[in-house]
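Residue numbers (UniProt numbering), protein chains in the order written: chain R, 1 to 849; chain U, 1 to 144.
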């Protein structure tokens, strides 16, 4: 009979995997043979079980030894029991049927006079308890809890907590034991009691009030710990038992979260202040306590000065050398920024400093935090910092920065000139890291601008930038488009070359050359980018043909278009052929066709997140939503508030109704035929007032969430941006079944899911007048979703409905993926002079976010 | 809010200890160990923090020479505190084996479990005093 040691050696000395496998197989076979021997003695069984455990460590099958483990622990010698229980815990789990054979041994051993034997049985029960074992053995655990032995009571308290998880009904049995456990001095017992409290709190709602009665006892422990100077037994780097500290704070905050009226809050607030001032030695153990304290501050209803203290602690963490401390500080700041944004603002410099950190996960969080603290006051400073950061940042962060910074500029930019300058610097630096969505929103912004001088400035700057940074895809794309649209503004002007300081005139030939340069660059990462540039260049060439005067240059433009007629890409080829047709048209026709594009609305983009965060905040809101009732009312109120801010209903209502009775002029029909697109290009011929937008108006537009594309100028859209077309195509409804969620005989509301998945859901809400003769007016739809989801709502297309008439609005929900779609809807309308308000819930969709 | 599992791996990804505090199948365990090793071994230990997101959980780890001690915890848990407990665990092992090295752990792997079961129970801290735990372990060893 070889020993465990020789088995381990045999495995370790194996030179090849094959010999190792052979050694393992041989030993495994020997163990099986040994187990088959009915007269196997204790000693040999022990050796075999210890080898079996080594097989377990190696990841080999061990199921054949399950019964032998149970036989071993039933032995009378302590050594056998110890190994037997150990093996049982590792090899068996609560799903094994043989577990029933264990009940008897556990029952006997928990009553064993030797505390260590009873301890083994308790630990085993705690690790592999099944619901059946929990019900069979809880009385044994309870007896030990009522005893006086601290070594066993601490174990029993944890086991009790575990049993409650398996069978929540047991909480009644163990709840009364808590006070006496909390009176113990032993830290182990108190730790056990705290875990027991947390377990009861989460498994048995009815006991929560009873648990809160114990809060003063917990506070007393916390106070004692805070005032203890040095305790040799539990000290960790100058902090008396940080683990107990953490557990106490954790339990207190679970008990007090969302309980704003508890009388103990004040003393907890006081104690927290004391803890913060006492535990302050910048050692890792102290930091773990402070970190827990900060989390507690933001989970309970603490006063504002305490919250500021919390933020200050975190910012102090940021200045420490230890990566781990900085990491948790940034993470927590991201979670709590909404509570005390101003306090976080104050530490802007520290946060920005972390952008230079050596750890990418820290840089990533610092970056996200930088965007979170951005506002109208600091946007200039922070943008400058971010542009510097971009110069040597990680490639994987660049797309995030371009998107976020563009969004932030839309929100906070102080003026349009600065905005354009920033965008150009961004395009110059990281033009290859823009998403097509963001690029088209930049173009939309350019087109929205009505200040000719500014556009002139912008286009000149773009031309200037792209003649030296022509391998930045985004920059070239934007420049190409702008040349096509606005060449007439800059022709004949000049700029100073940044390197040679020479003045360069912008002539027709120069622009043609620039376009050719873009087309000849094949440095872009993907062929799709090269194709996209070509598509834009073709459009630009066509547009320029109506603006150029010199026949030679016009001929060069024709060459550009003709050269793409045999392109492998179908889209490019079709365009080239179509464009060359238009190219040959008389100039008067072309002038009308190639008129400047009407400004499309700028799409609002959701900020994106780098990190999947499960925040404190969301957790506390979960707790809140479980207390139902009042909250849902608030949600609706929130919504009402939001609605006031959203752009005027009338505007959208008007334009979309005009959209319905649009008669396309022949040119448009012609064009839409050319492009193979039916009337899906929304266009209106109604001469609406030319947009008198000042900068502020434009910025307001970013706040709008309109899905319908509307145009407000007399001109007809000629060549929509490719990406716009794509978007429109995406918006074409897929065949989806609609669900009627509400019908009171007068009005029905149906939901049609359009696109659900990846954390977002787009739904169309259709409202129909179901009456036979009455007109329903003042229709008002308010929706609310659960707190961890976000809702975007487009205004209703028509709020007056004739009998049988229909109207719709778009609805977009974003939130953590996997979340169920639940919408609370409040419908208000007027019928026959009477106003009606109804409320209903909609949640019958099977798809999740 | 407790430990999901604790494992010790060497740099090659060989498992030295594994303790699972929730019920999962052997195949899942193998997959997890492989994923964890891939995640941890590729990290820069000078510059990077000792925390990694792992599925919806967090890994907290420390490296002692060639050996990683890794604890998987809930995303809400206090990483710093678990980092301290790993250190406490290793300190106890060090005193218990009298200057511990990887070989001790290989040949006495079952003893690591004895230590673990005095420190944690069902994934929760059970005792946080190094002296008390060592005292008890030595006493129990005499019973063997």
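Every residue gets a Cβ at the ideal spot worked out from N, C-alpha and C, and that includes glycine. Here the structure is a predicted model, which is why all the values come from computation and not from measurement.
Next on the checklist: With a threshold of 8 angstroms between beta-carbons, can residue 49 of chain U be considered close to chain R, or not?
Outcome noted: Chain R, which has a Cβ nearer than 8 angstroms to the Cβ of residue 49 of chain U, makes this yes.
Next on the checklist: Taking contact to mean 3 or more Cβ pairs, one atom from each stretch, closer than 8 angstroms, check whether the stretch 125-138 of chain R and the stretch 93-105 of chain U are in contact.
Outcome noted: Short answer: they don't touch.
Item to check | Closer than 7 angstroms at the beta carbon, the chain R residues around residue 143 of chain U | outcome: Simply 78 and 116.
Item to check | Euclidean distance between Cα positions of residue 262 of chain R and residue 273 of chain R | outcome: Near 18 angstroms, if we compare the C-alpha coordinates of residue 273 of chain R and residue 262 of chain R.
Checklist entry - Quick one, which of R:8, R:335, R:359 and R:423 has its alpha-carbon nearest residue 386 of chain R's? => result Just measuring C-alpha positions, the residue of R:8, R:335, R:359 and R:423 sitting nearest residue 386 of chain R is R:423.
Item to check | In DSSP terms, what residue 777 of chain R is bridged to | outcome: R:830, per the DSSP bridge assignment.
Item to check | Assumed close pair residue 853 of chain R, residue 789 of chain R - CB separation to whole angstroms, cut-off 8 angstroms | outcome: Nothing about residue 853 of chain R can be reported from this structure: the residues present for chain R run from 1 to 849 only.
Item to check | Same chain, Cβ closer than 7 angstroms to residue 11 of chain U, five either side skipped, listed in chain order | outcome: The answer, listed in chain order, is 41 and 66.
Checklist entry - Using the beta-carbon of each residue, which ones in chain U are nearer than 9 angstroms to residue 53 of chain R? => result What residue 53 of chain R touches in chain U: 109, 110 and 113.
Checklist entry - Within 8 angstroms (strictly less), CB to CB, does residue 362 of chain R reach chain U? => result Yes - at least one Cβ of chain U is within 8 angstroms of the one on residue 362 of chain R.
Checklist entry - Which residue or residues does DSSP assign as beta-bridge partners of residue 783 of chain R? => result The secondary-structure analysis by DSSP pairs residue 783 of chain R across a beta bridge with R:825.
Item to check | Residues, ordered as in the chain, of the stretch 70-99 of chain U that lie near chain R by beta-carbon distance below 8 angstroms | outcome: Those residues of the stretch 70-99 of chain U that come within reach of chain R (Cβ to Cβ, closer than 8 angstroms) are 75, 76, 78, 79, 80, 81, 83, 84, 85 and 88.
Checklist entry - Whose Cβ in chain U lies nearer than 8 angstroms to the Cβ of residue 57 of chain R? => result Per Cβ cutoff of 8 angstroms: 15, 16, 17, 18 and 109.
Checklist entry - For residue 129 of chain U, does the count of other Cβ atoms within 10 angstroms reach 16, so buried, or fall short, so exposed? => result Under this definition residue 129 of chain U is a buried residue.
Checklist entry - Sorted by chain position, which residues of the same chain lie with C-beta nearer than 8 angstroms to residue 33 of chain U's C-beta, five sequence neighbours on each side aside? => result The beta carbon of residue 33 of chain U sits closer than 8 angstroms to those of 7, 9, 13, 15 and 18, all from its chain and outside the five residues before and after it, given in chain order.
Checklist entry - Leaving out the 5 sequence neighbours to the left and right, which residues in its chain are closer than 6 angstroms to residue 603 of chain R when beta-carbon positions are compared? => result Taken in chain order, the residues that qualify are 441.
Item to check | 8 angstroms CB neighbourhood of residue 219 of chain R in its chain, flanking five on each side removed | outcome: These residues qualify, in order along the chain: 252, 264, 267, 268 and 271.
Item to check | Cα-Cα separation between residue 676 of chain R and residue 434 of chain R, rounded to whole angstroms | outcome: Per-residue confidence for residue 676 of chain R stands at a pLDDT of 42, beneath the threshold of 50, marking its modelled position as unreliable; no derived number is given.
Checklist entry - Less than 8 angstroms separating the beta-carbons of residue 196 of chain R and residue 157 of chain R? => result Closer than 8 angstroms, so yes.
Checklist entry - What residues in its chain sit with their C-beta under 8 angstroms from that of residue 833 of chain R, if we drop five residues either side in the sequence? => result Taken in chain order, the list of residues that qualify is empty.
Checklist entry - With DSSP run on the structure shown, which of helix, strand or coil describes residue 792 of chain R? => result In the displayed model, residue 792 of chain R falls within a strand according to three-state DSSP.
Next on the checklist: Is residue 129 of chain U close to chain R? Criterion is C-beta to C-beta, closer than 8 angstroms.
Outcome noted: Yes, contact with chain R.
Item to check | residue 65 of chain R and residue 35 of chain R closer than 8 angstroms at C-beta | outcome: It is a contact, given that the beta carbons lie within the stated cut-off.
Next on the checklist: By the DSSP assignment, the alpha helix (DSSP H) with residue 379 of chain R in it spans what residues?
Outcome noted: Per DSSP, residue 379 of chain R belongs to the alpha helix (DSSP H) from 379-391.
Checklist entry - DSSP three-state call for residue 74 of chain U: helix, strand or coil? => result In the three-state DSSP reduction, residue 74 of chain U falls in the strand class (E or B).
Checklist entry - What residue ranges within the UniProt domain "AP complex mu/sigma subunit" (3-143) of chain U form continuous alpha helix (DSSP H) runs of no fewer than 4 residues, ordered along the chain? => result List check, alpha helix (DSSP H) in window: 26-41, 79-96, 102-107, 109-119 and 130-143.
Checklist entry - So with Cβ pairs under 8 angstroms, would you call residue 203 of chain R a contact of chain U? => result Interface residue (Cβ-Cβ distance to chain U less than 8 angstroms): residue 203 of chain R is not classified as such.
Checklist entry - Is DSSP giving residue 92 of chain R helix, strand or coil here? => result If DSSP states are grouped into helix, strand and coil, residue 92 of chain R belongs with coil.
Item to check | Residues that DSSP places opposite residue 839 of chain R in a beta bridge | outcome: Beta-bridge analysis with DSSP links residue 839 of chain R to R:826.
Item to check | Reduced DSSP category for residue 185 of chain R - H, G, I as helix; E, B as strand; rest coil | outcome: In the structure shown, residue 185 of chain R adopts coil according to DSSP, grouped into three states.
Checklist entry - Taking 8 angstroms as the CB-CB cut-off, is residue 622 of chain R touching chain U? => result With a pLDDT of 40 at residue 622 of chain R, under the threshold of 50, the predicted position of this residue should be treated as unreliable, and no value is reported.
Next on the checklist: Less than 8 angstroms between the beta carbons of residue 495 of chain R and residue 460 of chain R, yes or no?
Outcome noted: Against a cut-off of 8 angstroms, the Cβ pair of residue 460 of chain R and residue 495 of chain R comes out as a contact.
Checklist entry - Does the separation of the CB atoms of residue 353 of chain R and residue 427 of chain R fall below 8 angstroms? => result No. Outside cutoff.
Checklist entry - Helix, strand or coil: how does DSSP classify residue 282 of chain R here? => result Residue state, collapsed to three classes: coil.
Next on the checklist: So, at 7 angstroms on beta carbons, what are the nonlocal neighbours of residue 278 of chain R in its own chain, with the 5 sequence-adjacent residues on each side left out?
Outcome noted: Only 226 meet the Cβ criterion.
Checklist entry - Near residue 497 of chain R, what residues of its chain come up, given a Cβ to Cβ distance below 6 angstroms and the 5 sequence neighbours on each side ignored? => result Excluding sequence neighbours, residue 497 of chain R sits near 504.
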